[in-house]
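Here's the structure, in structure tokens; my notes come after.
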Amino acid sequence: MKDSKSLYWKLSAYFFFFFFTWSSSYSLFSIWLGQELNLSGSATGIIFSVNAIFALCMQPLYGYISDKIGLRKNILFFISILLVFVGPFYIYVYGPLLQYNVILGAIVGGLYLGTAFLAGIGAIESYVEKIGRKYGFEYGKSRMWGSLGWAAATFFAGQLFNINPNINFWVASVSAVVLVAIIMSVKVEITNQELEKADSVTFKDVGQLFLLKDFWFLMLYVIGVACIYGVYDQQFPLYYSSLFPTEALGNQVFGYLNSFQVFLEAGFMFFAPFIVNKLGAKNSLILAGFLMALRIIGSGLAVEPIGISAMKLIHALELPIMLIAIFKYLALNFDTRLSSVLYLVGFQFAKQIGESILSPIAGVMYDSIGFRYSYLVMGGLVLVFTVVSIFTLLSTKKSKGLHANIVKSQQAI
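Heads up, the sequence shown is in our numbering, so the first residue is 6 and it goes up one at a time.
The structure is reproduced here in structure tokens:
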């Protein structure tokens with residue numbers, strides 16, 4: 006019991022400072038690209054696409070290694086060390102390279118950001134979820150602190166950006182130093198049975214997943230629903246700040262709005278497990294999809310800051326439900342030995358594939374037809390894929406039998 010409480014608080018603190026580091030350096034990323042580096046919407050779309058490509062290259066690797074090493078913390082330690090250099094990287098490497106050559110800068114930045122943040126978050130989330138299952142605490146209650154960390158950093162990010170964008174990058178590096186100290190203090194007892202279970206994971210096991218149509222149906226949901234909200238969020242700060250008399254005021258207000266949204270998100274993250282347990286994993290994913298469609302379509306219909314701010318806040322409800330539901334859906338339907346691969350490939354990897362394809366298309370749409378009409382198109386796609394998923398995702402009654410059959414078949418191989 007004592008170990009459980011200690012690990013809960015340490016991993017919750019790790020979530021807090023990881024998201025604090027990420028938010029400090031990334032929450033105003035599109036504004037930094039557009040206002041500080043003066044890049045076009047199309048160039049920004051290319052950068053996000055390259056980031057997604059590098060992330061999706063790392064996610065299967067992180068997933069396989071995570072399942073292979075089990076409860077050992079090697080990957081989290083590696084990510085923490087990498088993040089210590091985030092400030093100098095943005096200031097002295099990434100920014101100058103993007104101004105010299107967008108493609109070269111995008112490749113170098115994609116390698117770093119994809120490894121440290123965009124793929125790293127999946128490895129961290131799957132690790133904490135495993136620890137939560139072992140020590141008996143809800144993943145969502147630990148992940149809640151990550152939302153608080155993002156909100157705390159974002160609250161000041163807009164103001165600091167207006168003073169000097171580099172301040173946010175240095176704050177991120179200082180936060181990462183705390184991350185290193187936290188992960189060094191984490192001690193997890195690993196039994197021989199757990200070591201054997203982790204060692205038994207093979208590439209063949211991973212390959213078996215791609216023979217399951219229900220795994221592909223899940224990835225269809227992720228690509229058609231989850232990845233579009235990621236594309237929507239990429240350049241939203243740039244659009245939002247354009248609705249105000251000055252960009253500086255828009256940046257500052259967006260910082261406050263984003264902070265408030267993530268504080269709400271943290272609260273819903275605490276209650277999301279109760280909602281998902283009540284509705285079931287499938288119904289919760291469908292609910293998240295409808296909320297997402299409402300938010301994106303509403304952003305295209307709103308014409309002033311108050312209305313679009315209200316749409317942005319819906320994110321605080323949809324994301325916690327989706328994150329908790331996806332972990333429960335995977336645990337219910339597939340072999341838990343492969344939990345990291347399932348999450349990093351079935352959710353994160355599929356999401357990044359969609360974003361890498363859609364990001365440059367969205368950038369061109371923003372430049373040609375504007376943000377509002379682009380949002381209406383995106384929201385319509387989310388709505389269509391959500392309706393399709395009603396018929397393709399597994400219900401709870403069916404999935405119990407499937408899970409047992411998958412485990413038996415994998416053990417027989």
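A virtual CB, placed ideally from N, CA and C, is assigned to each residue, including glycine.
(1) Taking Cβ positions only, does Phe279 come closer than 7 Å to chain D?
(2) How big is the Cα-Cα spacing for Asp238 and Asn173?
(3) Excluding the 5 residues flanking Ser364 on each side, which residues of the same chain have their C-beta closer than 7 Å to its C-beta?
(4) Is Gln266 helix, strand or coil by DSSP?
(5) Would you check if the distance between the CB atom of Ser17 and the CB atom of Ser71 is smaller than 7 Å?
(6) Please return the same chain residues whose Cβ sits closer than 6 Å to the Cβ of Gly158, not counting the five positions on each side in sequence.
(7) On the CB-based measure, 16 or more other CB atoms within 10 Å of its CB, does Thr391 come out buried or exposed?
(8) Just reading off the alpha helix (DSSP H) that Ala330 is part of, what are its end residues?
(9) Measure the Cβ-Cβ separation of Ser345 and Leu184 and say whether it is below 7 Å.
(10) Taking all protein chains shown into account, do 16 or more other C-beta atoms lie within 10 angstroms of the C-beta of Ala367, making it buried, or fewer, making it exposed?
(11) Spatial neighbours of Gly46 within its chain, please: CB distance less than 6 Å, with the 5 preceding and 5 following residues excluded, ordered by chain position.
(12) One question on the structure: do Ile319 and Leu284 come within less than 7 Å of each other, judged by their Cβ atoms?
(13) Could you tell me whether the Cβ atoms of Ala48 and Val89 are closer together than 7 Å?
(14) Does Ala315 pass the burial test, meaning 16 or more other C-beta atoms within 10 Å, or should it be called exposed?
(15) Return the chain-ordered list of same chain residues with a C-beta closer than 7 Å to the C-beta of Leu292, the five sequence neighbours on each side being excluded.
(16) Is the beta carbon of Phe332 sitting closer than 7 Å to the one on Leu61?
(17) For the region 245-258 against the region 133-141, are there 3 or more C-beta pairs whose distance is under 8 Å?
(18) Tell me which residues share the same chain as Met274 and place their Cβ nearer than 6 Å to its Cβ, disregarding the 5 neighbours each side in the sequence.
(19) Counting beta carbon pairs with one atom in the region 161-168 and one in the region 258-266, are three or more of them shorter than 8 Å?
(20) Let me make sure I understand the geometry here. Which of Asn256, Val230, Pro93, Lys192 has the alpha-carbon closest to that of Lys78?
(21) Which value, in whole angstroms, describes the spacing of the CA atoms of Glu143 and Asn43?
(22) Taking 7 Å as the threshold (C-beta atoms), are Leu349 and Gly75 in contact?
(23) I need the DSSP call for Ser414, collapsed to helix, strand or coil.
(24) Take the Cβ of Glu309 as the centre, count every other Cβ of all protein chains shown within 10 Å, and call the residue buried at 16 or more, exposed below.
With the given structure in hand:
(1) Although the question refers to chain D, the structure presented lacks it and comprises just one protein chain.
(2) The straight-line gap from Cα to Cα measures roughly 20 Å.
(3) Only Gly50, Phe53, Ser54, Ala57, Val236, Gln239 meet the Cβ criterion.
(4) Under the three-state reduction of DSSP, Gln266 is assigned to helix.
(5) No.
(6) The residue asked about is misnamed: residue 158 is Ala in this sequence, not Gly. Hits under 6 Å: Phe25, Ser28, Ser29.
(7) Buried, since its Cβ has 16 or more Cβ neighbours within 10 Å.
(8) For Ala330, the enclosing alpha helix (DSSP H) stretches over residues 320-338.
(9) No, Cβ-Cβ distance for Ser345 and Leu184 is not below 7 Å.
(10) The residue is buried, with at least 16 neighbouring Cβ atoms inside 10 Å.
(11) Gly368, Tyr371, Asp372, listed in sequence order.
(12) Contact: no.
(13) Contact check for Ala48 against Val89 fails: the beta carbons are separated by 7 Å or more.
(14) With fewer than 16 Cβ atoms within 10 Å of its Cβ, Ala315 is classed as exposed.
(15) Take Leu292, set aside five residues on each side of it, and the residues of its chain with a beta-carbon closer than 7 Å to its own are Leu284, Ile326, in chain order.
(16) Contact: no.
(17) No, they do not touch.
(18) The residues are Gly145, Arg148, Met149, Ser152, Pro325.
(19) Short answer: they touch.
(20) Lys78 has its Cα closest to that of Lys192, out of Asn256, Val230, Pro93, Lys192.
(21) The alpha-carbon atoms of Glu143 and Asn43 are separated by roughly 43 Å.
(22) In this structure, Leu349 does not lie closer than 7 Å to Gly75 by Cβ.
(23) Reliability of the predicted coordinates at Ser414 is poor, the pLDDT of 41 falling under 50, and the value obtained from them is presented with this limitation in mind. Reduced to three states, the DSSP call for Ser414 is helix.
(24) Counting other Cβ atoms within 10 Å of its Cβ, Glu309 stays below 16 and is therefore classed as exposed.
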